[in-house]
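So for the sequence shown, the numbering used here puts the first residue at -8; every next one is plus one. All remarks here apply to the structure that follows.
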Amino acid sequence: MSDSKISPLAYVGPGVVLGADVTIGPGAVILGPCTIGDNVWIGPGAQIGAPPEMTDQPQNAAWTGDLTHAGVRIGAGAVIREGAVIHQGSYRETTVGAGSWILNRAYLAHDVLLGAGTTVSAGVSIGGHCVIGDRVNIGMNASVHQRRFIGAGSMIGMGTPVARDVPPHSKAFGVPARVRGVNTVGMSRQGIPAAEIDSLVAAYASGDLLLAELDLAQFSTGLAADLAQWVGRDDRNVMTATLR
-8 MSDSKISPLA YVGPGVVLGA DVTIGPGAVI LGPCTIGDNV WIGPGAQIGA PPEMTDQPQN
52 AAWTGDLTHA GVRIGAGAVI REGAVIHQGS YRETTVGAGS WILNRAYLAH DVLLGAGTTV
112 SAGVSIGGHC VIGDRVNIGM NASVHQRRFI GAGSMIGMGT PVARDVPPHS KAFGVPARVR
172 GVNTVGMSRQ GIPAAEIDSL VAAYASGDLL LAELDLAQFS TGLAADLAQW VGRDDRNVMT
232 ATLR
């Protein structure tokens, strides 16, 4: 807890482990089990560690030391803004990746796995068991259905209802939501070579959103890992594409 700045009006309960240089604002409630990495900033009124909203799970009083559930883990350098809500995992830690930003009034339900460097904008709701890749940007007031997957490097438009899986490095928006293109700007900023970007654009344009025909060996290590995370998933329920 070296050099941490914790408001006396915050509540940090039993089973909460704090890294160095953690900031916790007034009115924040952190319930265990919860592990918070170094240099994490948690804003006023954030609520972290309430039990899963599941009828078959006990609604325990963690403030009494009853640490029933699987926990929450906040990676180093993450920012959790005011009024955000993150629930305990039921069978795995609900996880916020290092360097991610969870903006005001955002909600992460039980068992969500959020990758590193991802932005969850104001008012976003992410249902239980979802997996969100690294460097994803989810626009304001979007909603993500339970058990959905959003691939690394993707962008989700404001207000989008995500009811199906989103392939990596794509752009999805609209009602109903559709894959509308490839996040080429984000890929370029990440330093991905133009030839690799063009190859992914061509694959999606051909209708191969599952990347069943794509040779991952042609890609550099980081992009290959992003695509392999998608290709290796079982029971993908990919959303429809309307590519421009």
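The beta-carbon is built from N, C-alpha and C at its ideal position, and this holds for glycine as well.
Starting from the N-terminal side, write out each stretch of the alpha helix (DSSP H) that is 4 residues or longer and does not extend beyond the stretch 121 to 180.
Whole alpha helix (DSSP H) segments, 4+ residues: 175 to 180.
Taking the beta carbon of PRO158 as the centre, do at least 16 other beta carbons fall within 10 Å, making it buried, or is it exposed?
It is buried - the Cβ of PRO158 has at least 16 other Cβ atoms within 10 Å.
Please identify the residue among ARG139, GLY28, ALA53 and ASP12 whose C-alpha is closest to the C-alpha of TYR2.
The shortest Cα separation from TYR2 among ARG139, GLY28, ALA53 and ASP12 belongs to ALA53.
Taking C-beta to C-beta, are GLY130 and ARG72 nearer than 8 Å?
Result no, Cβ atoms of GLY130 and ARG72 do not sit closer than 8 Å.
For ALA100, report the span of its beta strand (DSSP E) as first-last.
That residue, ALA100, is in no beta strand (DSSP E); it is neither H nor E in DSSP.
In the structure shown, what three-state DSSP assignment does ALA238 receive?
Any property of residue 238 remains undetermined from this structure, which presents the chain solely from -8 to 235.
Taking GLY198 as the reference, give the member of ILE183, ILE188, ASP225 and GLY172 with the closest Cα.
Comparing Cα-Cα distances from GLY198 to each of ILE183, ILE188, ASP225 and GLY172, the minimum goes to GLY172.
Kindly identify the DSSP beta-bridge partner or partners of TRP64.
Note that residue 64 corresponds to Arg in the displayed sequence, not to Trp. BP columns for ARG64 point to THR26 and THR86.
Look at CYS121 and VAL135 and say whether their C-beta atoms are less than 8 Å apart.
Yes. Within cutoff.
Indicate the three-state DSSP secondary structure (helix, strand or coil) for LEU105 in the structure shown.
Of the three classes helix, strand and coil, the one that applies to LEU105 here is strand, per DSSP.
Is the separation between the beta-carbon of PHE164 and that of THR151 shorter than 8 Å?
Yes; because the gap between Cβ atoms is below 8 Å, this pair is in contact.
Looking at the structure shown, is GLN79 part of a helix, part of a strand, or coil, going by DSSP?
The answer is coil: DSSP assigns GLN79 none of H, G, I, E or B.
Short check: CB of GLY142 to CB of TRP221, under 8 Å?
The answer is yes: Cβ separation under 8 Å.
Work out the CA separation of GLY4 and ASP125 for me, nearest whole Å.
Taking the straight line from one Cα to the other gives about 29 Å.
Could you give the first and the last residue of the continuous beta strand (DSSP E) run that contains ALA41?
Element bounds for ALA41: 38 to 41.
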